[in-house]
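Trainee: Residue numbers (our numbering), protein chains in the order written: chain A, 1 to 232; chain B, 233 to 464. Positions of the beta carbon are idealized from the N, C-alpha and C atoms, including for glycine. Since we're looking at a predicted model, the values are computed, not measured.
Protein chains: 2
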Amino acid sequence: MTDVSPLSRYQLAELGALLAEPARAAILLALMDGTTRPAGELARIAGVGAATASAHLKRLLDGGLLGVHEQGRHRYFRLASDDVAAWLEAMALPHAARTAPAAAARDPALCRARTCYRHLAGQLGVALCEAWLERGWLQTESDGMCLLPAATDALVQAGWQAIPAQQLLRLRGRGCLDWTERRLHLGGPLGVAITGAMIDAGWLRRAHRNRALLPTPDGLRRLAKLGVRLDN
Amino acid sequence: MTDVSPLSRYQLAELGALLAEPARAAILLALMDGTTRPAGELARIAGVGAATASAHLKRLLDGGLLGVHEQGRHRYFRLASDDVAAWLEAMALPHAARTAPAAAARDPALCRARTCYRHLAGQLGVALCEAWLERGWLQTESDGMCLLPAATDALVQAGWQAIPAQQLLRLRGRGCLDWTERRLHLGGPLGVAITGAMIDAGWLRRAHRNRALLPTPDGLRRLAKLGVRLDN
DNA sequence: TAAACGCTTCGTCGCCCGGCGAAGCATCGC
DNA sequence: GCGATGCTTCGCCGGGCGACGAAGCGTTTA
Chain A
1 MTDVSPLSRY
11 QLAELGALLA
21 EPARAAILLA
31 LMDGTTRPAG
41 ELARIAGVGA
51 ATASAHLKRL
61 LDGGLLGVHE
71 QGRHRYFRLA
81 SDDVAAWLEA
91 MALPHAARTA
101 PAAAARDPAL
111 CRARTCYRHL
121 AGQLGVALCE
131 AWLERGWLQT
141 ESDGMCLLPA
151 ATDALVQAGW
161 QAIPAQQLLR
171 LRGRGCLDWT
181 ERRLHLGGPL
191 GVAITGAMID
201 AGWLRRAHRN
211 RALLPTPDGL
221 RRLAKLGVRL
231 DN
Chain B
233 MTDVSPLSRY
243 QLAELGALLA
253 EPARAAILLA
263 LMDGTTRPAG
273 ELARIAGVGA
283 ATASAHLKRL
293 LDGGLLGVHE
303 QGRHRYFRLA
313 SDDVAAWLEA
323 MALPHAARTA
333 PAAAARDPAL
343 CRARTCYRHL
353 AGQLGVALCE
363 AWLERGWLQT
373 ESDGMCLLPA
383 ATDALVQAGW
393 QAIPAQQLLR
403 LRGRGCLDWT
413 ERRLHLGGPL
423 GVAITGAMID
433 AGWLRRAHRN
443 RALLPTPDGL
453 RRLAKLGVRL
463 DN
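1. Hey, is E253 of chain B's beta-carbon within less than 8 Å of any beta-carbon in chain A?
2. Hey, is A258 of chain B's beta-carbon within less than 8 Å of any beta-carbon in chain A?
3. Under 8 Å between C-beta atoms, does Y242 of chain B make it to chain A?
4. Using the beta-carbon count (16 or more within 10 Å), is Y242 of chain B buried or exposed?
5. Starting from G144 of chain A, trace the alpha helix (DSSP H) in both directions and tell me its first and last residue.
6. Please check the pair L124 of chain A and P215 of chain A, which I expect to be a contact at CB under 8 Å, by giving their CB distance rounded to whole angstroms.
7. If I follow the unbroken beta strand (DSSP E) through Y308 of chain B, where does it start and stop?
8. Taking any Cβ of chain B, which residues in the segment 105 to 136 of chain A have a Cβ under 8 Å from it, in chain order?
9. Using DSSP with H/G/I as helix, E/B as strand and the rest coil, what is H208 of chain A?
10. Counting only beta-carbon atoms, is R232 of chain B nearer than 8 Å to chain A?
11. Could one say the Cβ of A322 of chain B lies closer than 8 Å to chain A's Cβ atoms, at least one of them?
12. With DSSP run on the structure shown, which of helix, strand or coil describes T372 of chain B?
13. Look up R415 of chain B in the DSSP assignment and say whether it is helix, strand or coil.
14. Can you tell me whether R182 of chain A is buried or exposed? The criterion is at least 16 other CB atoms within 10 Å of its CB, across all chains shown.
15. Cβ of G67 of chain A less than 8 Å from any chain B Cβ?
16. Does the beta-carbon of A283 of chain B have 16 or more other beta-carbons within 10 angstroms, so that it is buried, or is it exposed?
17. Since I believe L230 of chain A is in contact with G219 of chain A (beta carbons under 8 Å), could you give me their beta-carbon distance rounded to a whole number of angstroms?
18. CA-CA distance, R174 of chain A and L213 of chain A?
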């Protein structure tokens, strides 16, 4: 059979094989929050020895899923890009289809708002993306999205002061498929910048146990001013 | 480490393992066009013996990626759902990021329009979805999308007669992430119905070698009437 | 300079699993 | 009813790979 598919059986199998080991899966999941961790810590998280972890990390590196930053005798690993994070999120789709109600019941906070890599996802992430598109604050371009001045004006009016408007307008965003909502939310450098600033400003608070983000009462008020509301 | 992630390391590894074998990957890719094929044919496509293929099919079935329809001494396999097809498309993302320009150069037709499972994807699919959302013909709901009467009126006016308007209005659609465009196109039963009817009506023609869809001159005219234009 | 540390490489072991042929079990056709 | 056909199950073999300990290498600390 001639494979003219954009992804050949071998490439697909190769990608699958990278995930097919619990130790490697654990490493990737640990880096999903955008953190950068040394090899030793990842070995401990994965529950394997240093030698084994080193082999896994080399394989993930060669496979293009991880990036590395060498510093002295340490090697710090991170996900190669936002794309990889979005891709890992998307991996959860078949699983989510089967267990979505159960998962929602088990951890509603995670469905309401969480980090996807380093940007905002969940109901709140989707609501923000759609509301701003609706209002014309966010514009889809050929590849990605960008903010318009109307948006930065509104942000400043809502008490935003973390990042200068000029800088925000230069950042590019990108749609990222949300596995619980099955709709797009705002990722890319723009999404990361906005989310990080909202956390710093106390609009959102990181949960300790997982990737959930907890909106503060003040944050909810300010977000509502920006047209972003949670349904329930 | 406590895994409170919605997808545990073991679940992620299990999903990866399902793809990690070229034979299984070939089976899944062969079913990506929405076809239903008997075990023997899939064995031939995968290039393995009947016994081996049977084991692979059982595993994919247990993993929830395939569905089966028994008829006499034949067993016909298909992808379990549109979700699985969308998920497989999404698997191509890290690969597409690396080779997107090359792939586009190699097969521009595939990027312009193709089937994703059984619905329209590529530039044309994204253009259709966005144009109809823009015009208010397509409405996003809590889970999915649906067509509004304004859309069916326009379809009839453009010469559409394949499916009665009443029936179209009842079908549900769903956003499906496009791996070349990184934006949503219209999938789900609604997307499947519209795409199938467009092919039947001669607006689009299936390519022989791959999943590309070739718009006919007549089809392009009618699509333009419906607000759907290809950029280039 | 020596010892401690973080990580990788090497060598080895053991298990998992993909491959096949043979046999078994249905169904279809003559 | 009998053989052909499609598929599954069973048993076996072999290769691949994940696990670890030991050794090696470079960096940091004392």
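Mentor: Inspection of the coordinates gives the following:
1. Taking the second sequence and counting its residues from 1, one reaches residue 253 of chain B at position 21. At least one chain A Cβ lies under 8 Å of E253 of chain B.
2. Indexing the second sequence from 1 puts residue 258 of chain B at position 26. So, interface residue.
3. Taking the first residue of the second sequence as 1, we reach residue 242 of chain B at position 10. Closer than 8 Å: yes.
4. Indexing the second sequence from 1 puts residue 242 of chain B at position 10. Burial call: exposed.
5. Counted from its first residue, the first sequence places residue 144 of chain A at position 144. Here G144 of chain A belongs to no alpha helix (DSSP H); instead the beta strand (DSSP E) covers G144 to L147.
6. Numbered from its first residue, the first sequence carries residue 124 of chain A at position 124. Numbered from its first residue, the first sequence carries residue 215 of chain A at position 215. Contact holds; Cβ gap of about 7 Å.
7. Here residue 308 of chain B refers to the residue found at position 76 of the second sequence. Start and end: H306 to L311.
8. D107, L110 and E130
9. Numbered from its first residue, the first sequence carries residue 208 of chain A at position 208. DSSP places H208 of chain A in coil when its eight states are reduced to three.
10. Residue 232 of chain B is absent from the structure shown; chain B starts at 233 and stops at 464.
11. Position 90 of the second sequence, counted from the first residue, corresponds to residue 322 of chain B. Closer than 8 Å: yes.
12. Numbered from 1 along the second sequence, position 140 holds the residue referred to as residue 372 of chain B. DSSP places T372 of chain B in strand when its eight states are reduced to three.
13. Locating residue 415 of chain B in the second sequence gives position 183, counting from the first residue. In this structure, R415 of chain B counts as coil in the three-state DSSP scheme.
14. The residue you call residue 182 of chain A lines up with position 182 of the first sequence. By the 10 Å Cβ count, R182 of chain A comes out buried.
15. The count along the first sequence starts at 1 and reaches residue 67 of chain A at position 67. No - not a single Cβ of chain B is within 8 Å of the one on G67 of chain A.
16. Reading the second sequence from its first residue, position 51 is the one you call residue 283 of chain B. Its Cβ having fewer than 16 others within 10 Å, A283 of chain B is exposed.
17. On the first sequence, position 219 is the one that residue 219 of chain A refers to. On the first sequence, position 230 is the one that residue 230 of chain A refers to. Actually they are not in contact, since the Cβ atoms of G219 of chain A and L230 of chain A sit about 11 Å apart, beyond 8 Å.
18. As a working note, residue 174 of chain A is residue 174 in the first sequence. As a working note, residue 213 of chain A is residue 213 in the first sequence. Answer to the nearest angstrom: the Cα atoms are 20 Å apart.
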